[in-house]
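Peer 1:
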Amino acid sequence: MVQLALGVRGALALVRTIQAEAARFPPAVLRAWQDTRPRAFQQELAGYLSQMADHGLLALDDADTAALHCNLLTFISVAQRSFYGALPLGEAEITELVIGGVKAFLRLYRTDGVEQEASGRTSRGWILR
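Note that this note's numbering has the sequence shown beginning at -17, numbered continuously upward.
1) Note down, in chain order, each residue of its chain lying with its Cβ closer than 6 Å to the Cβ of Ser118, except the 5 sequence neighbours on either side.
2) Leaving aside the five residues before and after Ala28 along the sequence, list all residues of the same chain whose C-beta is less than 6 Å from its C-beta, in chain order.
3) Going straight from the alpha carbon of Arg6 to that of Glu75, what length do you get?
4) For the alpha helix (DSSP H) that contains Phe57, what are its first and last residues?
5) For the alpha helix (DSSP H) that contains Phe23, what are its first and last residues?
6) Below 8 Å, how does it come out for the region 49 to 69 and the region 10 to 18: are there three or more Cβ pairs, yes or no?
7) Considering only DSSP beta bridges, list what Arg92 is partnered with.
8) In three-state DSSP terms, what is Leu(-4)?
9) Which whole-angstrom value is the C-beta distance of Gln25 and Asn53, which I expect to be below 8 Å?
10) Please state the DSSP three-state secondary structure of Ala5.
11) Could you pull out every residue in the same chain whose Cβ sits closer than 6 Å to the Cβ of Met34, ignoring the five residues on either side in sequence?
12) Using 8 Å for Cβ pairs, my map puts Arg119 next to Ala68. What's the rounded Cβ distance?
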């Protein structure tokens, strides 16, 4: 997901421009863009996280907040390190950042019922090393 998003240079160039020029855009334009892209993605991610919580894999009070945290810990860490795609990152660096973000996310939201086994996999198949 992260690699795919960072590979779309035109979209990331647009994000860089919007962030740099946000003060010049009418608030309604910024809200419309957010609703089309960032919020739509976060809402979809929140839905997936809710499903995981329904299966007892995550402990969530608010799926929208959890989606924000997941995004900040994974995609945004890669996006900021790469200046939103302007500076190429190697696959190993991207993988390290994303795995670190997922580990941090799971420390926040993993349920007590998800126990780590010696192999680093849980009884439900999650890698939590």
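In this text, a Cβ means the ideal position worked out from N, Cα and C, and glycines have one as well.
Peer 2: Answer, in terms of the structure:
1) No information on residue 118 is available, as it lies outside the stretch -17 to 111 that the chain covers here.
2) Taking the sequence shown and counting its residues from 1, one reaches residue 28 at position 46. If we look at Ala28 and ignore the five residues flanking it on each side, its Cβ neighbours are Ala45, Asp46, Ala49.
3) Taking the sequence shown and counting its residues from 1, one reaches residue 6 at position 24. Taking the sequence shown and counting its residues from 1, one reaches residue 75 at position 93. For Arg6 and Glu75, the distance between alpha carbons rounds to 35 Å.
4) Here residue 57 is taken as the residue at index 75 of the sequence shown, counted from 1. Taken as a continuous stretch (DSSP letters only), the alpha helix (DSSP H) holding Phe57 covers 57 to 63.
5) Reading the sequence shown from its first residue, position 41 is the one you call residue 23. Where Phe23 is concerned, the enclosing alpha helix (DSSP H) stretches over 20 to 36.
6) With contact defined as three or more Cβ pairs closer than 8 Å, the region 49 to 69 and the region 10 to 18 are not in contact.
7) By one-based count along the sequence shown, residue 92 stands at place 110. Leu40.
8) Here residue -4 refers to the residue found at position 14 of the sequence shown. If DSSP states are grouped into helix, strand and coil, Leu(-4) belongs with the helices.
9) Sequence index remark: in the sequence shown, residue 25 carries index 43 (1-based). Sequence index remark: in the sequence shown, residue 53 carries index 71 (1-based). Not quite, the Cβ-Cβ distance comes to about 11 Å (not below 8 Å), so this is no contact.
10) Within the sequence shown, residue 5 is the residue found at index 23, counting from 1. Looking at Ala5 - three-state DSSP - the assignment turns out to be helix.
11) Numbered from its first residue, the sequence shown carries residue 34 at position 52. The beta carbon of Met34 sits closer than 6 Å to the beta carbons of Leu40 from its chain, once the five residues preceding and following it are set aside; these are given in chain order.
12) Since the displayed the chain opens at -17 and closes at 111, residue 119 lies outside it and no answer follows.
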